[in-house]
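Novice: Got a structure for you, written out below as structure tokens; questions coming shortly.
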């Protein structure tokens, strides 16, 4: 929570009324477990064979409405609130809780950590295809970034691919 406090302090020193903030996704390996957490709309995915699982949730208003049943998946995708964050680093009322998702990696698994500039333009099918085609995580990460840019992403396009052997 120190990072959140530092961002809030830096934001208070700004001459304009603009707020500062960022999203984050991280993974920590301890023994045979990997622990994943995210804040905002940066995501973590586990790719195991042909199965792609989103490990983090988006902290957007549209996604919260989807989880509550107020919106359908299609309505959430089209919602004007799909990019409105309610939880992020730099948020004044950030609670001390966050969702941590543990998993036990298996040989052949991939973990993708990515910003929304990538995940808004790359599909689960793209991830399945990349996992079957690439053995070099850096090569695959470069391809994913290029794909997002080719499809029109104008946002920060960042990703890390971790391969488990």
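Residue numbers (this note's numbering): 149 to 313.
Beta carbons are placed, not taken as given, at the ideal position from N, Cα and C, and that holds for glycine.
#1: Who are the Cβ neighbours of residue 234 in its own chain at under 8 Å, not counting the five residues just before and after it?
#2: If we cut at 8 Å on Cβ distances, does residue 257 have a partner in chain D?
#3: In this structure, does DSSP put residue 209 in helix, strand or coil?
#4: Only counting the same chain, and skipping five residues up and downstream in sequence, which positions put a Cβ closer than 6 Å to that of residue 269?
#5: Got a sec? Which residues, its chain only, sit under 6 Å from residue 313 by beta carbon, not counting five neighbours each side?
#6: Around the C-beta of residue 303, are 16 or more other C-beta atoms found within 10 angstroms, so that it is buried, or is it exposed?
#7: With DSSP as the reference, label residue 248 as helix, strand or coil.
#8: How far does the alpha helix (DSSP H) with residue 188 in it reach, from first residue to last?
#9: Is the stretch 185-193 close to the stretch 276-296, with three or more CB pairs under 8 Å?
#10: Taking the C-alpha atoms as reference points, what is the distance between residue 173 and residue 167?
#11: Less than 8 Å between the C-beta atoms of residue 259 and residue 200, yes or no?
#12: Distance check for residue 263 and residue 204, CA to CA, integer angstroms please.
#13: Evaluate contact between the stretch 218-233 and the stretch 150-158, counting only Cβ atoms and requiring at least three cross-stretch pairs below 8 Å.
#14: Consult DSSP for residue 259 and reduce its assignment to one of helix, strand or coil.
Specialist: With the structure as the only source:
#1: Answer for residue 234: 207, 208, 209 and 212, listed in chain order.
#2: Of the protein chains in the structure, only one exists, and it is not chain D.
#3: Helix at residue 209.
#4: If you ignore the 5 residues before and after residue 269, its C-beta comes within less than 6 Å of the C-beta of 296, 299 and 301, all in its own chain and listed in chain order.
#5: Within the same chain, and ignoring the five residues on either side of residue 313 in sequence, the residues whose Cβ sits closer than 6 Å to its Cβ are 255.
#6: Around the beta carbon of residue 303, fewer than 16 other beta carbons sit within 10 angstroms, so the residue counts as exposed.
#7: For residue 248, the three-state secondary structure derived from DSSP is strand.
#8: It is not in any alpha helix (DSSP H) - residue 188 carries neither H nor E in the DSSP assignment.
#9: No, because fewer than three Cβ pairs between the stretch 185-193 and the stretch 276-296 fall closer than 8 Å, the two stretches do not touch.
#10: Straight-line Cα distance between these residues: approximately 20 Å.
#11: Cβ distance not < 8 Å, so residue 259 and residue 200 don't count as in contact.
#12: If I take the Cα positions, the gap works out to 12 Å.
#13: The way I'd put it, the stretch 218-233 doesn't touch the stretch 150-158; fewer than three beta-carbon pairs between them come closer than 8 Å.
#14: Residue state for residue 259 is assigned as strand, using DSSP reduced to three classes.
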